[in-house]
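Visitor: Structure provided below as structure tokens; questions to follow.
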Amino acid sequence: MNTEAAGFPALCSDIAREMSAVRGEAWTTRGQQSSTVTLCGPKDAAIMLSDGWRHAGKIAASGLFPTGYGRGTYEANVAISRGARTIAREVSRRIIDAGYQDALAEAVAAKAERDHRDSVQVDLLRRAAAVVGGGDPGAPDAEVRFGRYHHAGDTMHGTVKSYWRGRGLLSFEVTAVPAETAMRVLAVLAECARAQAPAPDERGTS
Numbered sequence: 147m148n149t150e151a152a153g154f155p156a157l158c159s160d161i162a163r164e165m166s167a168v169r170g171e172a173w174t175t176r177g178q179q180s181s182t183v184t185l186c187g188p189k190d191a192a193i194m195l196s197d198g199w200r201h202a203g204k205i206a207a208s209g210l211f212p213t214g215y216g217r218g219t220y221e222a223n224v225a226i227s228r229g230a231r232t233i234a235r236e237v238s239r240r241i242i243d244a245g246y247q248d249a250l251a252e253a254v255a256a257k258a259e260r261d262h263r264d265s266v267q268v269d270l271l272r273r274a275a276a277v278v279g280g281g282d283p284g285a286p287d288a289e290v291r292f293g294r295y296h297h298a299g300d301t302m303h304g305t306v307k308s309y310w311r312g313r314g315l316l317s318f319e320v321t322a323v324p325a326e327t328a329m330r331v332l333a334v335l336a337e338c339a340r341a342q343a344p345a346p347d348e349r350g351t352s
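All you need for our numbering is the position in the sequence shown, starting with 1, plus 146.
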């Protein structure tokens, strides 16, 4: 049997208080609804508490991860009748002590790295768009388009894309570039390629 709507958030507040005592660290509640409450702890820890929607008469606890960055399943189902103190101890044992916070730290770090990559790539595309007059890309996998295709094939147009190889890089494709303009661009690119080329391996030479 589910707890009454008014009683479940109060129970979760008691569980948070008991979690703080069990763990020796601050735990609070967030997003209190009639049947779902989130326990919030240190280092981004978040445990969703649900009132018996899968198991009647039990409180279902589940460790949360950033969307798309799950690192396993950390769950506990405890009879509501056992009270806040026992529920807190079981959540602590079955979720926290089972490795949830280490897995969460990995997930948070992975998300932060991906967010950084996306930010760098979008910034590069926006800079490219400002140069060629393209629209705001808005996403790292977007294309910046410039110029306009003409059926005669003699109107310059192209695209710019971004990608990641340990740093943000750009690739572009341009069609119908006037020959002399193309030569100047190729000269700049060739010089950059020479500057980035690795030094010859001199091992074995006298």
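Backbone N, C-alpha and C fix where the C-beta goes; we use that ideal spot for every residue, glycine too.
From Gln247 to Ala191, what distance separates their C-alpha atoms?
Guide: Taking the straight line from one Cα to the other gives about 7 Å.
Visitor: Whose CA, out of Pro286, Ser227, Val277, lies closest to the CA of Gly293?
Guide: When only C-alpha atoms are compared, the closest one is Val277.
Visitor: Please classify Pro188: is it buried, with 16 or more other beta-carbons within 10 angstroms of its beta-carbon, or exposed?
Guide: By the 10 Å Cβ count, Pro188 comes out exposed.
Visitor: So the candidates are Tyr309, Ala256, Ser265; which of them puts its Cα closest to the Cα of Gly214?
Guide: Residue Ala256 is the option with its Cα nearest to Gly214.
Visitor: Would Ser208 and Ser227 be called neighbours here (beta carbons separated by less than 9 Å)?
Guide: Result no, Cβ atoms of Ser208 and Ser227 do not sit closer than 9 Å.
Visitor: Have a look at Ala333, Ser308, Glu252, Leu157 and flag the residue whose alpha-carbon is nearest the alpha-carbon of Val224.
Guide: Among Ala333, Ser308, Glu252, Leu157, the Cα nearest to that of Val224 belongs to Leu157.
Visitor: Only counting the same chain, and skipping five residues up and downstream in sequence, which positions put a Cβ closer than 7 Å to that of Pro212?
Guide: Answer for Pro212: Ala253, Val254, Lys257, listed in chain order.
Visitor: Just reading off the beta strand (DSSP E) that Thr321 is part of, what are its end residues?
Guide: Note, Thr321: beta strand (DSSP E), 314-321.
Visitor: Flag this pair as touching only if the stretch 297-312 and the stretch 261-274 have three or more C-beta atom pairs under 8 Å; answer yes or no.
Guide: Touching, yes, given that three or more Cβ pairs across the two stretches are closer than 8 Å.
Visitor: For Ser181 and His201, what's the separation of their Cα atoms in angstroms?
Guide: When rounded, the distance between both Cα atoms is 13 Å.
Visitor: Thinking just about the alpha-carbon of each residue, which of Gln342, Ala251, Glu236, Ile242 is nearest to the one in Gly216?
Guide: Cα-wise, what sits closest to Gly216 is Ala251.
Visitor: Please report the residue range of the beta strand (DSSP E) in which Ile193 lies.
Guide: That run of the beta strand (DSSP E) goes 192-197.
Visitor: Any idea which residues DSSP pairs Ala268 with across the strands?
Guide: In the sequence under discussion, the amino acid at residue 268 is Val, which differs from the Ala named in the question. The partner list for Val268 (beta bridge, DSSP) is empty, contrary to what the question assumes.
Visitor: Look at the alpha carbon of Leu316 and the alpha carbon of Asp261, and state the distance between them as a whole number of angstroms.
Guide: The straight-line gap from Cα to Cα measures roughly 18 Å.
Visitor: Helix, strand or coil: which one does DSSP assign to Glu221?
Guide: Glu221: strand per DSSP, three-state reduction.
Visitor: Given a cut-off of 9 Å, decide if Val183 and Arg235 are closer than it, judged by their beta-carbon atoms.
Guide: No, the pair does not count as a contact, with Cβ atoms beyond the cut-off.
Visitor: Is the Cβ-Cβ distance between Gln179 and Ser159 less than 9 Å?
Guide: No, the Cβ-Cβ distance between Gln179 and Ser159 is not below 9 Å.
Visitor: Quick one: is Pro155 buried, meaning 16 or more other Cβ sit within 10 Å of its Cβ, or exposed?
Guide: The residue in question, Pro155, is buried, as its Cβ has 16 or more Cβ neighbours within 10 Å.
Visitor: Throw me the rounded Cβ distance for the Asp264 and Pro286 pair, which I believe falls under 8 Å.
Guide: About 5 Å separates the two Cβ atoms, so the contact holds.
Visitor: Where does Gly153 fall in DSSP's three states?
Guide: Correct three-state label for Gly153: helix.
Visitor: Can you tell which of Glu319, Tyr220, Thr232, Ala288 has its C-alpha closest to the C-alpha of Asp243?
Guide: Selected option, being the one with the closest Cα: Tyr220.
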